[in-house]
Amino acid sequence: MTARVRIAPSPTGPLHIGTARTALYNYLYARHTGGTFILRLEDTDRVRSTVEFERDILEGLHWLGLDWDEGPEVAGEPARGPHAPYRQMERLPLYAAAAQRLLADDLAYPCYCTPEELDADRRAQEAAHEPPRYVGRCARLTPDERRAREAEGRRGALRFRVGEGVVAFDDVVRGRVEIDVANLGGDFVIVRADGNPLYHFTVVVDDAEMEMTDVIRGEDHLSNTPKHILLFRALGYGVPRFAHLPLILNPDRTKMSKRKSQTAIDDYIAQGFIKEALVNYLALLGWSTGTEEEILSLDELVDRFDLGAVHKGGAVFDRERLEWLNGQWIRRLSADDLIDRLRPFVEAELAAGRIERMPTDEELRALLPVIQERLPTLGAVGDLVGFLWVDDVAVDAATLVPKRWDAPTTRDGLTAARRTIEDAGEVSFEADELEPPLRALAEAHGWKAGDLFMAIRVAVTGRTATPPLFDTLVALGRERVLARLDRALGVLDGR
RNA sequence: GCCCCCAUCGUCUAGAGGCCUAGGACGCCACCCUUUCAAGGUGGAGAUCAGGGGUUCGAAUCCCCUUGGGGGUACCA
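Counting from 0, one number per residue, gives the positions in the first sequence under numbering that gives the first Met the number 0.
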């Protein structure tokens, strides 16, 4: 039987790093085994679910390149697959039918306890140092008693009878797990009094109806797995194989959260992390090839992925390592590709008012040899060469003077350099033609070339760290170089 | 509290009884390259394999206990 796996996000927030990683592992497993990757939206939390989050999640998964074989219709995209709809709120009749079956078999029963009663129970248990569990007040109501409550206008929630015994399963990553049903907290609610089915119930009905063979999800669901297994059995379904992935952690080793880490994929995209790096990084957070390979494309990951080799322990999200990988992948991009990906970030600089004009693709292309290896993220482009696209740069006298120089020397140096650059550029303004005469100039005056170059660098860019000077001068153009040198000279003279 | 899971450098990891005086990568430090910054190269610091008991001729690897950490325990997902 070929594998059928799914990612089942709740549209209650933007695409989360953890969801993306779980989706990736499901995708890798499906593609590696020639199986089917399914997307299902778990939107039964009516209050917190929104269509905006749905879109965000689907767009994010697409952006990462994790395309699904079956999934819901959304944003103009039609539903795909034989088990539509793939959005839980559109599958209500299925849950209702399953609930009916459990009720008919007396495997579930209506519970009329009020929130106040349940709360009181919990408090009493806490006071008695007992684990919280449903006391079973409504477990043995007679048909007459139920009718009486309904007649009072009370609407019952549906509770599933957990019974007794030990539930055991062989988790693909954790091995054998056994949990005594007595520790499940008593009969649990599967359908709310308002008729809305709950997660533990819908997930089972859907995984069964959609014929999932493997459930690959976060470790936070491990403890609840017995509830699911009980439900699969009660409903007469086969039980899928489970694989619980290690959690992605905050630096303090708690489950990764918005409060302590950046968790939205959107934020990483906005900062200029590229999908190749994110996919590569996430794949290696909790799994490794067992070799020393670490720069791996999505296809290579598909080729090497092994669910059984996934780690058991949680992994701290390390942004520095992600950044390094991002740089590695940026350097592997073709010129055209990099220009396409850079453009939105340059536009963002313009929109934010940090630059004053948009460079052409040809300008960007000419810059690539010197910026491609200097970009940790696409978002760093403005910081790196934004000085090229503003009318004037701010320079202050203090940084203008190189460490080993004083102001008069700097003035002499820049004045001489200005003349040399002006002369050199008569024919053509090329890096090869600028460097020799400026080096000769430094030598003639007994200056260290680096000092002269630094003075020029700060004069024309306003900063001490830039791409190589001569490439920078060429990118700036003769006129602007001369104008900025003049301005810098003015600053030196206190003007 | 109760239940479950986990445990190798700061971090991500290799390691499935002898190849380990524990390997790689990120980060950090130094040097090389070099006009600055990167990139790249070389080298270095960094883990008594959480601790304690076993098993074994031999344990990071197997077993037990302890400790630590995490997750779950909703009419959230």
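Glycine included, each C-beta is placed from N, C-alpha and C at the ideal position. Values in this document were obtained by computation on a predicted structure and should not be read as measured data.
### Query
How would you write the range of the alpha helix (DSSP H) that Arg-479 sits in, first residue to last?
477-491
### Spatial neighbours of Asp-302 in its chain, beta-carbon cut-off 8 Å, leaving aside the 5 residues before and after
Only His-31 meet the Cβ criterion.
### Query
Would you report the Cα separation of Val-202 and His-227, rounded to the nearest angstrom?
Those two C-alpha atoms are separated by around 8 Å.
### Query
Using the C-alpha atoms, what's the distance from Trp-328 back to Ala-351?
27 Å
### Query
First and last residue of the beta strand (DSSP E) that includes Leu-38?
35-38
### Query
Roughly how many angstroms lie between the CA atoms of Leu-38 and Pro-71, to the nearest whole one?
A direct Cα-to-Cα measurement between Leu-38 and Pro-71 gives close to 7 Å.
### Message
Excluding the 5 residues flanking Glu-69 on each side, which residues of the same chain have their C-beta closer than 6 Å to its C-beta?
### Response
Ile-37, Arg-79 and Gly-80
### Task
Write down every uninterrupted run of the alpha helix (DSSP H) in the region 63-118 whose length is 4 residues or greater and which is fully enclosed by it, in chain order.
91-103
### Query
When the Cα of Arg-258 is compared with those of Asn-249, Asp-265 and Asp-266, which residue comes out closest?
It is Asn-249 whose Cα lies nearest to the Cα of Arg-258.
### Query
Span of the beta strand (DSSP E) holding Arg-330?
Taken as a continuous stretch (DSSP letters only), Arg-330 belongs to no beta strand (DSSP E), being part of the alpha helix (DSSP H) at 318-330.
### Query
Where does Val-202 sit, in a helix, a strand or coil, going by DSSP?
helix
### Query
With respect to the beta strand (DSSP E) encompassing Val-165, which residues constitute its N-terminal and C-terminal limits?
165-170
### Task
Give the range of the beta strand (DSSP E) segment to which Ala-7 is assigned.
Here Ala-7 belongs to no beta strand (DSSP E), and DSSP marks it neither H nor E.
### Message
Between the alpha carbons of Asp-339 and Val-214, how many angstroms are there, rounded?
### Response
Those two C-alpha atoms are separated by around 38 Å.
### Message
I need the DSSP call for Phe-386, collapsed to helix, strand or coil.
### Response
The answer is helix: DSSP assigns Phe-386 an H, G or I state.
### Task
Thinking Val-369 and Pro-466 are a contact (beta carbons under 8 Å), I'd like their distance in whole angstroms, please.
Yes, they are in contact, since the Cβ atoms of Val-369 and Pro-466 sit about 4 Å apart, within 8 Å.
#### Entry: Pairwise C-alpha distance: Leu-321 and Gln-261
13 Å
### Task
Return the CA-CA distance between Pro-13 and Leu-57, expressed in angstroms with no decimal places.
About 10 Å.
### Task
Please work out which residues of its chain come closer than 8 Å, Cβ to Cβ, to Gly-307, disregarding the five sequence neighbours upstream and downstream, and give them in chain order.
Val-171 and Val-172
### Task
Starting from the Cα of Cys-110, find the closest Cα among Asp-186, Pro-131 and Leu-468 and give me that residue.
Asp-186
### Message
DSSP three-state label for Glu-177, please.
### Response
strand
### C-alpha distance - Ala-2 paired with Asp-298, whole-angstrom precision
18 Å
### Near the ligand ADP: Ala-416 beta-carbon under 7 Å from a heavy atom
Looking for the ligand ADP in the displayed structure turns up nothing, as the structure carries no ligands at all.
### Message
What does the Cβ neighbour count give for Lys-274, buried or exposed, with the cut at 16 atoms within 10 Å?
### Response
buried
### Query
Assuming Ala-430 and Asp-492 make a contact with CB atoms under 8 Å, what is their CB distance in whole Å?
Their Cβ separation, rounded to whole angstroms, is 29 Å, which puts Ala-430 and Asp-492 out of contact at 8 Å.
### CA nearest to the CA of His-310, picked from Pro-245, Asp-266, Leu-349 and Asp-317
Pro-245
### Task
Hey, could you find the ends of the alpha helix (DSSP H) Gly-17 is sitting in?
Under the DSSP assignment, Gly-17 falls in the alpha helix (DSSP H) whose first and last residues are 16-32.
### Query
Helix or strand or just coil, what does DSSP make of Phe-452?
helix
### Message
Mapping the DSSP letters down to three states, classify Gly-412 as helix, strand or coil.
### Response
helix
### Task
Determine, using beta-carbon pairs with one atom in the region 400-416 and one in the region 364-382, whether at least three such pairs fall under 8 Å.
no
### Message
For Leu-63 and Val-278, I'd like the C-alpha separation in whole angstroms.
### Response
7 Å
### Task
Look at Val-190 and Leu-197 and say whether their C-beta atoms are less than 8 Å apart.
yes
### Query
Apart from the five residues just before and just after Val-165, which ones in its own chain have a Cβ nearer than 8 Å to its Cβ?
Glu-177, Ile-178, Asp-179 and Val-180
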